[in-house]
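Here the sequence shown is numbered in the numbering used here, starting from 6 and rising by one per residue. Cβ coordinates follow ideal geometry from the N, Cα and C atoms, glycine included. Computed from a predicted model, the values in this text were never measured in an experiment. To keep things clear, I will list the structure first and then write my remarks on it.
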Amino acid sequence: CFRSPSTLNVVDSLGPFDRTCQHWSSNETCASGLPFFASAEHGSSVEDWDKFCIHRSLDLFGIDMGKVCRCGASLLNEGVWHMSSPRLGLRFNVGLAQEAPTEDCPTEAMEVYRYTGHYEGGVTPSAR
């Protein structure tokens, strides 16, 4: 579980996609390191939201407060970062995880998942 970026109000006000981090230049982490897309309209299960992010070639996703899916990219997903080092404010920091995670995340936390399949040429297969 990770601290929630509290995106429910942002997503409600912007429609299906949250582009808050689109022009982010700060070293402070934007959207808990899952900055690329957020949607409250594209699924209701872990499988739906996994497909939502993988379809966009993003290999990390978090479920924020059980209602909003946020997408991000790991360092393994080099294609997203244009084969360069990602900007600090857009990177996901696994060090922000709870020290003693419980079986169920509290409602104010975010559950984060990662694609564990094959990467081809530094990208997820859906990127090709």
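> Residue range of the alpha helix (DSSP H) that Leu23 falls in?
Replying inline: The residue labelled residue 23 in the question sits at position 18 within the sequence shown. A small fix is needed here, since residue 23 is Asp in this sequence, not Leu. Run containing Asp23: none; DSSP gives neither H nor E here.
> Are three or more beta carbon pairs between the region 78-88 and the region 43-54 nearer than 8 Å?
Replying inline: At 8 Å Cβ cutoff, the stretches do not touch.
>> Less than 8 Å between the beta carbons of Gly97 and Leu65, yes or no?
In response: For the purposes of this step, residue 97 is identified with residue 92 of the sequence shown, where counting begins at 1. For the purposes of this step, residue 65 is identified with residue 60 of the sequence shown, where counting begins at 1. Note on identity: in this sequence residue 97 is Phe, with Gly being the wrong assignment. The answer is yes: Cβ separation under 8 Å.
>> Cutting at 6 Å between CB atoms, please list the residues of its own chain near Trp29, excluding the five before and the five after it.
In response: Here the question's residue 29 lines up with position 24 in the sequence shown. Excluding sequence positions up to five before and after Trp29, its CB lies within less than 6 Å of the CB of Cys35, Gly94, all in the same chain and listed in chain order.
>> So if DSSP puts Ile68 in a beta bridge, which residue, or which two residues, is it bridged to?
In response: In the sequence shown, the residue the question calls residue 68 occupies position 63. Bridge partners of Ile68: Cys74, Glu116.
> What distance in whole Å lies between the Cβ atoms of Gly77 and Leu101, which are believed to be in contact at a cut-off of 8 Å?
Replying inline: Here residue 101 corresponds to residue number 96 of the sequence shown, with the count starting at 1. Here residue 77 corresponds to residue number 72 of the sequence shown, with the count starting at 1. Distance from Leu101 to Gly77 at the Cβ level is roughly 12 Å; contact not present, criterion being Cβ atoms closer than 8 Å.
>> Please return the same chain residues whose Cβ sits closer than 7 Å to the Cβ of Ser79, not counting the five positions on each side in sequence.
In response: Numbered from its first residue, the sequence shown carries residue 79 at position 74. Result list for Ser79: Asp64, Leu65, Phe97, Arg119, in chain order.
> Under the three-state reduction of DSSP, which class applies to Val85: helix, strand or coil?
Replying inline: Counting from one through the sequence shown, the residue named residue 85 turns up at place 80. Coil.
>> Can you look up Ala43 in the DSSP assignment and give me helix, strand or coil?
In response: One-based indexing of the sequence shown puts residue 43 at position 38. Ala43 falls in the strand class under three-state DSSP.
> Should Arg75 be labelled buried (16 or more other beta-carbon atoms within 10 Å of its own) or exposed?
Replying inline: Against the sequence shown, residue 75 aligns to sequence position 70. By the C-beta density criterion, Arg75 is buried, having at least 16 other C-beta atoms within 10 angstroms.
> For Val16, does the three-state DSSP call read helix, strand or coil?
Replying inline: Numbered from 1 along the sequence shown, position 11 holds the residue referred to as residue 16. Residue placement at Val16 is flagged as unreliable, the pLDDT there being 47, under the threshold of 50; a coordinate-derived value is accordingly withheld.
> By Cβ distance, which residues of its chain are closer than 6 Å to Gly67, with the 5 residues on each side in sequence left out?
Replying inline: Counted from its first residue, the sequence shown places residue 67 at position 62. Here the set comprises Leu39, Arg75, Met115, Val117.
> What did DSSP end up calling Glu125 once you bin it into helix, strand or coil?
Replying inline: As a first step, residue 125 is located in the sequence shown; it is residue number 120 there, counting from the start. Reduced to three states, the DSSP call for Glu125 is strand.
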